[in-house]
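2 protein chains.
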Amino acid sequence: MKNENKYPIKAVAQKTGLSVHVIRAWEKRYNAVVPNRTETNRRLYSESDIEKLQILLKLTDQGHNIGGIANLSIDELRDLVEDRQEPRMENYKVQREVRQPTDPDKYFTSCLKSVYALDLKELESTLYKASVSFSQPVLLDRIIIPLITHIGDLWKEGEIRVYHEHMVTASLRGFLSNLIDTSKNSESAPKILATTPQGQLHELGALIVSAVASSEGWNVTYLGPNLPAEEIVGAAEQLNCKAIAISIVYPLDDYMLRKELIKFKQILPDNISLLVGGKGARGYLDVLEEIGARVILDIANFKKSLSAIRENKYN
Amino acid sequence: MKNENKYPIKAVAQKTGLSVHVIRAWEKRYNAVVPNRTETNRRLYSESDIEKLQILLKLTDQGHNIGGIANLSIDELRDLVEDRQEPRMENYKVQREVRQPTDPDKYFTSCLKSVYALDLKELESTLYKASVSFSQPVLLDRIIIPLITHIGDLWKEGEIRVYHEHMVTASLRGFLSNLIDTSKNSESAPKILATTPQGQLHELGALIVSAVASSEGWNVTYLGPNLPAEEIVGAAEQLNCKAIAISIVYPLDDYMLRKELIKFKQILPDNISLLVGGKGARGYLDVLEEIGARVILDIANFKKSLSAIRENKYN
DNA sequence: TTTTACTTGACAAATACTCGACAAGAAGTT
DNA sequence: AACTTCTTGTCGAGTATTTGTCAAGTAAAA
Numbered sequence: 007m008k009n010e011n012k013y014p015i016k017a018v019a020q021k022t023g024l025s026v027h028v029i030r031a032w033e034k035r036y037n038a039v040v041p042n043r044t045e046t047n048r049r050l051y052s053e054s055d056i057e058k059l060q061i062l063l064k065l066t067d068q069g070h071n072i073g074g075i076a077n078l079s080i081d082e083l084r085d086l087v088e089d090r091q092e093p094r095m096e097n098y099k100v101q102r103e104v105r106q107p108t109d110p111d112k113y114f115t116s117c118l119k120s121v122y123a124l125d126l127k128e129l130e131s132t133l134y135k136a137s138v139s140f141s142q143p144v145l146l147d148r149i150i151i152p153l154i155t156h157i158g159d160l161w162k163e164g165e166i167r168v169y170h171e172h173m174v175t176a177s178l179r180g181f182l183s184n185l186i187d188t189s190k191n192s193e194s195a196p197k198i199l200a201t202t203p204q205g206q207l208h209e210l211g212a213l214i215v216s217a218v219a220s221s222e223g224w225n226v227t228y229l230g231p232n233l234p235a236e237e238i239v240g241a242a243e244q245l246n247c248k249a250i251a252i253s254i255v256y257p258l259d260d261y262m263l264r265k266e267l268i269k270f271k272q273i274l275p276d277n278i279s280l281l282v283g284g285k286g287a288r289g290y291l292d293v294l295e296e297i298g299a300r301v302i303l304d305i306a307n308f309k310k311s312l313s314a315i316r317e318n319k320y321n
Numbered sequence: 007m008k009n010e011n012k013y014p015i016k017a018v019a020q021k022t023g024l025s026v027h028v029i030r031a032w033e034k035r036y037n038a039v040v041p042n043r044t045e046t047n048r049r050l051y052s053e054s055d056i057e058k059l060q061i062l063l064k065l066t067d068q069g070h071n072i073g074g075i076a077n078l079s080i081d082e083l084r085d086l087v088e089d090r091q092e093p094r095m096e097n098y099k100v101q102r103e104v105r106q107p108t109d110p111d112k113y114f115t116s117c118l119k120s121v122y123a124l125d126l127k128e129l130e131s132t133l134y135k136a137s138v139s140f141s142q143p144v145l146l147d148r149i150i151i152p153l154i155t156h157i158g159d160l161w162k163e164g165e166i167r168v169y170h171e172h173m174v175t176a177s178l179r180g181f182l183s184n185l186i187d188t189s190k191n192s193e194s195a196p197k198i199l200a201t202t203p204q205g206q207l208h209e210l211g212a213l214i215v216s217a218v219a220s221s222e223g224w225n226v227t228y229l230g231p232n233l234p235a236e237e238i239v240g241a242a243e244q245l246n247c248k249a250i251a252i253s254i255v256y257p258l259d260d261y262m263l264r265k266e267l268i269k270f271k272q273i274l275p276d277n278i279s280l281l282v283g284g285k286g287a288r289g290y291l292d293v294l295e296e297i298g299a300r301v302i303l304d305i306a307n308f309k310k311s312l313s314a315i316r317e318n319k320y321n
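These protein sequence lines are chains A and B, in that order.
Under this note's numbering, the first sequence is numbered contiguously, ending at residue 321.
Under this note's numbering, the second sequence is numbered contiguously, ending at residue 321.
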């Protein structure tokens, strides 16, 4: 058994939500928890000390007076805790069973309709429903990505107005950032940074990339669109990222963007991979080759590159 | 296996957010991290050195005293780190709502720290906790709005880099769009559209506006930044909005923006109110008067205008 | 030369410790 | 209902320890 007296009083206070005053008072008055001390008389608590304090807090919230329960053992305390009602599994089950196997395409067209109608509520609730019915890959591949590319096409052809595109972006951004959920993947997962280079205001591509990378177990930081090369690299370095993913949508050939991309050659460290995707990437193949970037043509391709980088075949 | 000792102390300071003084002090006093040296006695840190320092910093924020943890191994340290993701709701809600340092300022400074460290996870989890502990107005007035204005100031003074500002934007956007939650307010609630005019890429102001309006019971459609006047009005008309809120941050006087604003005079229907806010709005008072816009100076002001419009005293 | 990094020693602010006191509320008594 | 008494969270004063910061002098780099 390890000697686990590792927590100073401040950490205990933060973990339990008690104030340091109260922790000391409980010790002095009732010997609720008597921690070991360092040579210089500082308190050092063990994990079970903390657990006991947590239970005591819960019990006092439930009406017990601290003086009466403080000197009980952990086991005795546990018996006192009223267990709250069980999680409501039934609800979930019912949903699952009732749900009929539907076609992703139906959701897709339904989303599209909402976009035309500028009906945000409808769009979001459809997306939400879809996210319950389908796995994340299906959701991405069959609904969200088609939706985005379709919107992109319509926009280029002038079939829809700018505000349509903005609305979809805003809406999907919210939806996808839920999907990404930074806290999901562990600290130790490899990190990737997603953004678009300066001048590129269309961020949906970068959002897709973020969602895919997240579902592949990466730790994604999404920085929004329109960042200069130095900033992208600076952020990637500070975050210790293994890779940078940038998305280029439009236009197909832009002198400024070309200049912006070339900057990467100078400032990108060896141990960071650069992935470039999006419809617009084709227009810059020569520059991309020169700066040593990987060009991503589709999602499958992107996933492959991710796992290659992860296994250090590259970098 | 390359044992890469390639980071000089300055780089380490930038990556970790610690000062060079502190890094050296930790080495001298506790041998926290003992880097290799060049032939001329300069420190050269490895990646794992940096990682250890980052973990140490996080742990000190979590209440550990540096002297007590500095000589632990990386693995031992990792075990100590709180991976606070699964708040078992029962514990959390009951405890946190009642107890905890109920000081919004603490959350504010804690958020600011996370921004400096580029620690998205930490930032979002702090915001989440704050949203549990405080009412929405307090959350907005005491934490989020100060955070945004502070970031804005730092940015203007060149104290932080562009990617800091982007990170906060991306993160807050996700967070606020949850807060706004389009489906919350009823169909019959008055509608408002929030955005920024063409050329204005800073969207945080518009996001605040959205959050406030939503908490006042409006039905908010957030269209993201950088929309031409025709598009804004077009969208407002199609959505049957009672009001349009646009945010101007910077620069204080821009010819293009002036032109953009004047367009509203031509195309804005009588039954739609135009509200203009943000630090940058002061620079355009003359134009704004001409186009019949309401200038919003602060949040209280904004709320008043909203209820006035709602009651049809105006429009 | 000017800037940056290194070491050492010193200082001051922050933090933790003990003890004692106070006040609001709960519980018991008249 | 009014009055004790008890419980318990909070605070302050005084002391000790911990820790971030800085200055001075030297060495290396630009």
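C-beta atoms are modelled at their ideal positions from N, C-alpha and C, and glycine is treated no differently.
Here the structure is a predicted model, which means the values were calculated and not measured.
With a cutoff of 8 Å on beta-carbon distance, Ser216 of chain B and Ala200 of chain B are scored as near each other.
About 7 Å separates the Cβ atoms of Ala19 of chain A and Gly69 of chain B, confirming a contact at the 8 Å cut-off.
By alpha-carbon distance to Ala219 of chain A, the top candidate from A:Asp187, A:Lys127, A:Asn42, A:Thr46 is A:Asp187. By the 16-neighbour rule on beta-carbons within 10 angstroms, Gln60 of chain B is buried. Of the residues A:Gly223, A:Glu165, A:Asp55, the one whose Cα lies closest to the Cα of Ser192 of chain A is A:Gly223.
Secondary structure of Tyr256 of chain B (DSSP, three-state): coil. Residue ranges of uninterrupted alpha helix (DSSP H) with 4 or more members, entirely inside the region 182-246 of chain A and ordered along the chain, are 210-221, 235-245. In the structure shown, Arg300 of chain A falls within a strand segment according to DSSP collapsed to helix, strand and coil. Look at the beta carbons and you see the region 165-175 of chain A touching the region 113-129 of chain A: at least three pairs across the two are nearer than 8 Å. Annotation: Asn42 of chain A has no Cβ neighbours in chain B at a cutoff of 9 Å; minimum Cβ distance is about 12 Å. The DSSP assignment places 26-36, 53-67 as complete runs of the alpha helix (DSSP H) inside the region 17-68 of chain A, in order along the chain (cut-off: 4 residues).
Sequence-distant Cβ neighbours of Ser25 of chain B in its own chain, meaning closer than 7 Å and more than five residues away, are Ala19. The beta-carbon of Met262 of chain A is placed no less than 8 Å from the nearest beta-carbon of chain B. The region 269-281 of chain B makes contact with the region 227-246 of chain B; the number of CB pairs closer than 8 Å reaches 3 or more.
For Asn307 of chain B, the enclosing alpha helix (DSSP H) covers residues 305-316.
Residues of the same chain with a CB within less than 8 Å of the CB of Leu229 of chain A, apart from the 5 flanking positions on each side, are Leu199, Ala200, Thr201, Ile238, Ala241 in chain order. Arg288 of chain B counts as exposed, since fewer than 16 other C-beta atoms from the protein chains shown sit within 10 angstroms of its C-beta. In the structure shown, Lys248 of chain A falls within a coil segment according to DSSP collapsed to helix, strand and coil. Take Ile56 of chain A, set aside five residues on each side of it, and the residues of its chain with a beta-carbon closer than 8 Å to its own are Tyr13, Val18, Lys21, Thr22, in chain order.
Among the residues facing chain A, Val168 of chain B is included, as its CB has a counterpart in that chain under 8 Å away.
In this structure, the straight-line span from the alpha carbon of Pro231 of chain A to that of Gly211 of chain A is close to 10 Å. Within 10 angstroms of the beta-carbon of Asn318 of chain A lie fewer than 16 other beta-carbons, which makes it exposed. In this structure, Ile254 of chain A lies away from Leu280 of chain A, with their beta-carbon atoms at least 8 Å apart.
Residue-level contact check: Ser183 of chain B touches chain A, since one or more beta carbons of chain A fall below 8 Å from its beta carbon. Judged by DSSP secondary structure, Leu133 of chain A falls within the alpha helix (DSSP H) whose first and last residues are 126-139. For Thr66 of chain A, the closest Cβ of chain B is not nearer than 8 Å. Of all residues in the region 124-138 of chain A, only Leu124, Leu126, Lys127, Glu130, Ser131 place a beta-carbon less than 8 Å from a beta-carbon of chain B. Just measuring C-alpha positions, the residue of A:Asp260, A:Arg316, A:Leu185 sitting nearest Cys247 of chain A is A:Arg316. Contact fails between the region 77-88 of chain A and the region 121-136 of chain A, because fewer than three Cβ pairs, one in each stretch, are under 8 Å apart.
Across the structure, Ile29 of chain A and Leu160 of chain B are spaced so that their CA atoms are roughly 39 Å apart. Leaving aside the five residues that flank Asp259 of chain B on each side, the residues in its chain whose CB is nearer than 7 Å to its CB run, in chain order, Gly289. Nearest C-alpha to Asn277 of chain A among B:Trp32, B:Glu53, B:Arg48, B:His208: B:Glu53.
Judged by DSSP in its simplified three-state form, Val87 of chain B adopts coil rather than helix or strand. Judged by DSSP in its simplified three-state form, Lys12 of chain B adopts strand. Counting only the Cα atoms, Asn37 of chain B lies some 15 Å from Arg43 of chain B.
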